[in-house]
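Participant: My questions will all concern the structure given below.
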Amino acid sequence: MDAFWIILTGALVALNGALLGSFLLLRRMSLVGDAISHAVLPGIVVAYLFTASLTSPFLLLGAALTGLAATWIIETLNQKAKLQHDAAIGLTFTLLFAIGVILVASYTGQIDLDMDCVLYGEIAYVPLDTITLASGLDLGPKQVWTLGSLFIGLLGLLLVGYRGLSLTTFDAGYAAALGINTSFWHYALMAAVSLSTVAAFESVGAILVVAFLVGPAATAFLLTRDLKWMLVIASLAGILSAITGYYLALWLDGSISGAMAVMTGVIFAVAFVWQMWRGR
Amino acid sequence: MIQHVDNPIIEVHDLTVSYDKKPVLWNVDFTIPGGALVGIIGPNGAGKSTLIKAIMGLLPLSSGYAHLFGEKLDNVRKRISYVPQRESVDWDFPASVMDIALMGRYGQRGLFKRITAEDRSIARQALEQVHMLEFANRQIGQLSGGQQQRVFLARALAQQADLYFMDEPFAGVDAATEGAIIELLKELKAQGKTILVVHHDLQSAAEYFDWILLLNTRLVASGPTAETLTPTLLQETYGGKLSLLAQVGEIASSKGVNIRE
Numbered sequence: 006m007d008a009f010w011i012i013l014t015g016a017l018v019a020l021n022g023a024l025l026g027s028f029l030l031l032r033r034m035s036l037v038g039d040a041i042s043h044a045v046l047p048g049i050v051v052a053y054l055f056t057a058s059l060t061s062p063f064l065l066l067g068a069a070l071t072g073l074a075a076t077w078i079i080e081t082l083n084q085k086a087k088l089q090h091d092a093a094i095g096l097t098f099t100l101l102f103a104i105g106v107i108l109v110a111s112y113t114g115q116i117d118l119d120m121d122c123v124l125y126g127e128i129a130y131v132p133l134d135t136i137t138l139a140s141g142l143d144l145g146p147k148q149v150w151t152l153g154s155l156f157i158g159l160l161g162l163l164l165v166g167y168r169g170l171s172l173t174t175f176d177a178g179y180a181a182a183l184g185i186n187t188s189f190w191h192y193a194l195m196a197a198v199s200l201s202t203v204a205a206f207e208s209v210g211a212i213l214v215v216a217f218l219v220g221p222a223a224t225a226f227l228l229t230r231d232l233k234w235m236l237v238i239a240s241l242a243g244i245l246s247a248i249t250g251y252y253l254a255l256w257l258d259g260s261i262s263g264a265m266a267v268m269t270g271v272i273f274a275v276a277f278v279w280q281m282w283r284g285r
Numbered sequence: 719m720i721q722h723v724d725n726p727i728i729e730v731h732d733l734t735v736s737y738d739k740k741p742v743l744w745n746v747d748f749t750i751p752g753g754a755l756v757g758i759i760g761p762n763g764a765g766k767s768t769l770i771k772a773i774m775g776l777l778p779l780s781s782g783y784a785h786l787f788g789e790k791l792d793n794v795r796k797r798i799s800y801v802p803q804r805e806s807v808d809w810d811f812p813a814s815v816m817d818i819a820l821m822g823r824y825g826q827r828g829l830f831k832r833i834t835a836e837d838r839s840i841a842r843q844a845l846e847q848v849h850m851l852e853f854a855n856r857q858i859g860q861l862s863g864g865q866q867q868r869v870f871l872a873r874a875l876a877q878q879a880d881l882y883f884m885d886e887p888f889a890g891v892d893a894a895t896e897g898a899i900i901e902l903l904k905e906l907k908a909q910g911k912t913i914l915v916v917h918h919d920l921q922s923a924a925e926y927f928d929w930i931l932l933l934n935t936r937l938v939a940s941g942p943t944a945e946t947l948t949p950t951l952l953q954e955t956y957g958g959k960l961s962l963l964a965q966v967g968e969i970a971s972s973k974g975v976n977i978r979e
């Protein structure tokens, strides 16, 4: 049963990453996803200072605001200070991540958080922290509930916002000429990325979220030129990485989230070779 | 030479736009009559694209205003259609020709209401008009430059607007596409629509347009083609560049050199 919960947790992180990552990739913003996943660290540490984990939705939202702040700083540096986009990203997320590292180091005594956990997460412990009703009924791990509700929220956002997201991604100038608020869609996407990064943080860690934001989307972009199919294929590639990653870790007796991230790369490589072979 | 008209479709008043505190457009003031096919002509960096973007509210204005159909932009947005420069988007975006044409309906339909069968038929009709219907299911990454331009035109047509802004639609397209675009522009004009086209080829300008804006940061001229495309005004618009070319031509011919070689 533990294996099932761990794989389900990984798959949910991968699904959220695949859906959001596809739009990030098409907006040439995959690196911004990377930046957000690091920049939320100070927000997470502060949230941890209040409670031992990110179980309260308010703390989750608060921590996610750090991610939004990071995207806002990047945009401002880029537009107002005329700093190149990649330099603005590098400056912003290293600064915020470093603040987070200092916070972790200063408060190690008071919170249960160390750098290993920050970087790799503790997906193997997910099945231990379950929701149990007063009647004694075990509803399964808290993480699965958090990530699951986020996934459903994300599906809702995509169903309602598919046209807005795809149009502002393809041609922001034309969208603006139609009177569509392009910043709204930009920040809606960034908010979703921040939120899912923070939610995934406990299970797979700040860095490995990036693998799920980039890998499955990149694999899907290789294989299709239809946006809806791209979202489907990215999701499947993400789920496959979670399943195969789990068994790879069992076989190697190594880090589960590390193995899952490796599998996103392996699946991309397989897709790449298949594409080359087919194109011959 | 700036000729103003009564009951204009477009009224631009004292418009100034700056990038980094440097003016790109300076005190531009003109009116455009309804049903005109207008060419916006000027050298590179003259602010031609900036002008149409400023009129459509895509850039912050330093001063001045633009009224369309005698109203503020937000009241008449559904009557306005835009064809951006082809190079402004990434054509590797995963979408089909039909997907792009349907985007033309997003403005009329709103982002959240269902796309109806009527929208689809309008989009198909628009593709037919630019001879792209047979490619409706093709991925946009597989199109030639001219075909991409025609898809952009189809998207604008699907809006069924009354006023069209087109940014360099003739740039880098094949002869067939150029012909198709001209045919389309004339058809739109015959339906009483007004079209503004950013254009950089002086040779074809006289033939294509019936109203010309000569622009080089300042507005040099606005009026019917015959009165604006004169050597004096062109000289003023292109400054040294054009006169230098003319001088080279004169010297070359006086010495009996064939300039084409």
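Sequence lines, in order, name chains A and D.
Quick note: the first sequence uses this note's numbering, first residue 6, plus one each step.
Quick note: the second sequence uses this note's numbering, first residue 719, plus one each step.
The beta-carbon is built from N, C-alpha and C at its ideal position, and this holds for glycine as well.
Computed from a prediction, not measured in an experiment: that's the story for all the values here.
What are the boundary residues of the alpha helix (DSSP H) that includes A/M268?
Facilitator: Here the alpha helix (DSSP H) through A/M268 covers I261 to G284.
Participant: First and last residue of the alpha helix (DSSP H) that includes D/A784?
Facilitator: Run containing D/A784: none in the alpha helix (DSSP H); it sits in the beta strand (DSSP E), S781 to L786.
Participant: Could you name each continuous alpha helix (DSSP H) segment of 4 residues or more that falls completely within the segment 823-886 of chain D, going from the start of the chain to the end?
Facilitator: Taking only runs of at least 4 residues, the alpha helix (DSSP H) segments lying wholly in the segment 823-886 of chain D are 824-827, 835-847 and 863-875.
Participant: Cβ of D/M774 less than 8 Å from any chain A Cβ?
Facilitator: Yes, D/M774 counts as interfacial toward chain A.
Participant: List the endpoints of the continuous beta strand (DSSP E) containing D/F748.
Facilitator: Segment K740 to I750, the beta strand (DSSP E) holding D/F748.
Participant: To the nearest angstrom, report how far apart D/I858 and A/T56 are at their CA atoms.
Facilitator: One C-alpha to the other measures close to 51 Å.
Participant: Tell me, to the nearest whole angstrom, how far the beta carbon of A/G243 is from that of A/L20; I am working on the premise that it is less than 8 Å.
Facilitator: With a Cβ gap of about 6 Å, A/G243 and A/L20 count as contacting.
Participant: Does the Cβ-Cβ distance between D/D724 and D/L937 come in under 8 Å?
Facilitator: Their beta carbons are not under 8 Å apart, which means D/D724 does not touch D/L937 by this criterion.
Participant: So A/I41 packs on A/A75, CB below 8 Å; how close in whole Å?
Facilitator: At roughly 6 Å, the Cβ-Cβ gap stays under 8 Å, so A/I41 and A/A75 are in contact.
Participant: Please list the partners that A/A181 has in chain D, where partner means a Cβ-to-Cβ separation under 7 Å.
Facilitator: Residues of chain D passing the Cβ test: L776.
Participant: Between D/L829 and chain A, is any beta-carbon pair separated by less than 8 Å?
Facilitator: Judged by the 8 Å Cβ criterion, D/L829 is in contact with chain A.
Participant: Determine, using beta-carbon pairs with one atom in the segment 924-943 of chain D and one in the segment 775-795 of chain D, whether at least three such pairs fall under 8 Å.
Facilitator: With a cut-off of 8 Å, the segment 775-795 of chain D and the segment 924-943 of chain D do not count as touching, because too few Cβ pairs lie within range.
Participant: Using the beta-carbon count (16 or more within 10 Å), is D/I728 buried or exposed?
Facilitator: Buried is the call here.
Participant: Between A/A254 and the rest of its own chain, which residues show a CB-CB distance below 8 Å, the 5 nearest in sequence each way excluded?
Facilitator: Taken in chain order, the residues that qualify are S260, I261, G263, A264 and M265.
Participant: Measure the beta-carbon distance from A/L144 to A/I136 and round it to whole angstroms, keeping in mind my assumption that it falls under 8 Å.
Facilitator: Indeed they touch by this definition, with Cβ atoms about 4 Å apart.
Participant: Exposed or buried, D/H722, counting other C-beta atoms within 10 Å across all chains shown (16 or more means buried)?
Facilitator: Exposed, by the Cβ-count rule.
Participant: Is it right to say D/T834 is buried, meaning 16 or more other beta carbons lie within 10 angstroms of its own, or is it exposed?
Facilitator: So D/T834 ends up on the exposed side.
Participant: For A/K169, go through chain D and note every residue whose CB falls closer than 7 Å to its CB, in chain order.
Facilitator: Lys is not the amino acid found at residue 169 of chain A; the sequence shown has Gly there. Result: L829.
Participant: Going residue by residue through the segment 50-90 of chain A, where are the continuous beta strand (DSSP E) segments of at least 3 residues, counting only ones entirely within it?
Facilitator: Correct list: empty.
Participant: Which residues in the same chain have their Cβ closer than 8 Å to the Cβ of D/E979, if we skip the five residues on either side of it in sequence?
Facilitator: Below a pLDDT of 50, predicted positions are generally treated as unreliable, and D/E979, at 37, falls in that range; the measurement from the model is reported next regardless. Result list for D/E979: empty, nothing under 8 Å.
Participant: Please report the straight-line C-alpha distance between D/H731 and A/F206, rounded to a whole angstrom.
Facilitator: Those two C-alpha atoms are separated by around 54 Å.
Participant: In whole angstroms, give me the CA-to-CA distance for A/A23 and A/L218.
Facilitator: Cα to Cα, A/A23 sits roughly 6 Å from A/L218.
Participant: Quick one: is D/G765 near chain A, going by C-beta distance under 8 Å?
Facilitator: No - not a single Cβ of chain A is within 8 Å of the one on D/G765.
Participant: What ranges does the beta strand (DSSP E) occupy inside the segment 10-57 of chain A, keeping only unbroken runs of at least 3 residues that lie completely in it?
Facilitator: For the segment 10-57 of chain A, not a single whole beta strand (DSSP E) run of length 3 or above is found.
Participant: Between A/M235 and D/P761, which are expected to be in contact by the criterion C-beta below 8 Å, what is the C-beta distance as a whole number of angstroms?
Facilitator: Incorrect: roughly 42 Å between the Cβ atoms, too far for contact.
Participant: Buried or exposed: which applies to A/M281, given that a residue is buried once 16 or more other Cβ atoms fall within 10 Å of its Cβ?
Facilitator: Exposed, since its Cβ has fewer than 16 Cβ neighbours within 10 Å.
Participant: Smallest Cα separation from A/E80: which of A/A216, A/V271, A/L200 and A/H191?
Facilitator: For the residues A/A216, A/V271, A/L200 and A/H191, the minimum Cα distance to A/E80 belongs to A/H191.
Participant: Where do the ends of the beta strand (DSSP E) carrying D/V801 lie?
Facilitator: Element bounds for D/V801: I798 to V801.
Participant: Quick one: using the 10 Å Cβ neighbour count with 16 as the cut-off for buried, is D/W929 buried or exposed?
Facilitator: Counting Cβ neighbours within 10 Å, D/W929 comes out buried, since at least 16 surround it.
Participant: What does the Cβ neighbour count give for D/E1027, buried or exposed, with the cut at 16 atoms within 10 Å?
Facilitator: Any answer about residue 1027 of chain D is impossible in this case: the structure gives chain D only from 719 up to 979.
Participant: Counting contacts by CB-CB distance shorter than 8 Å, is D/S862 in contact with chain A?
Facilitator: No - not a single Cβ of chain A is within 8 Å of the one on D/S862.
Participant: Less than 8 Å between CB atoms is the rule here; does A/I185 satisfy it with respect to chain D?
Facilitator: Answer yes: the Cβ-Cβ gap between A/I185 and chain D drops below 8 Å somewhere.
Participant: Is there at least one Cβ from chain A nearer than 8 Å to D/F980's Cβ?
Facilitator: This structure does not reach residue 980 of chain D, given that chain D is present from 719 up to 979, and the question cannot be answered.
Participant: Might you give, ordered along the chain, the residues of its own chain that have their beta carbon closer than 6 Å to the beta carbon of A/A239, omitting 5 neighbours on each side?
Facilitator: Same-chain partners within the cutoff: A23, S27, P221, A222 and A225.
Participant: Could you give the distance in angstroms between the alpha-carbon of D/D837 and the alpha-carbon of A/P146?
Facilitator: Rounded to the nearest angstrom, the two C-alpha atoms are 46 Å apart.
Participant: D/Y824 touches chain A at which residues, Cβ-Cβ below 9 Å?
Facilitator: In chain order: R168, G169, L172, A180, L183 and I185.
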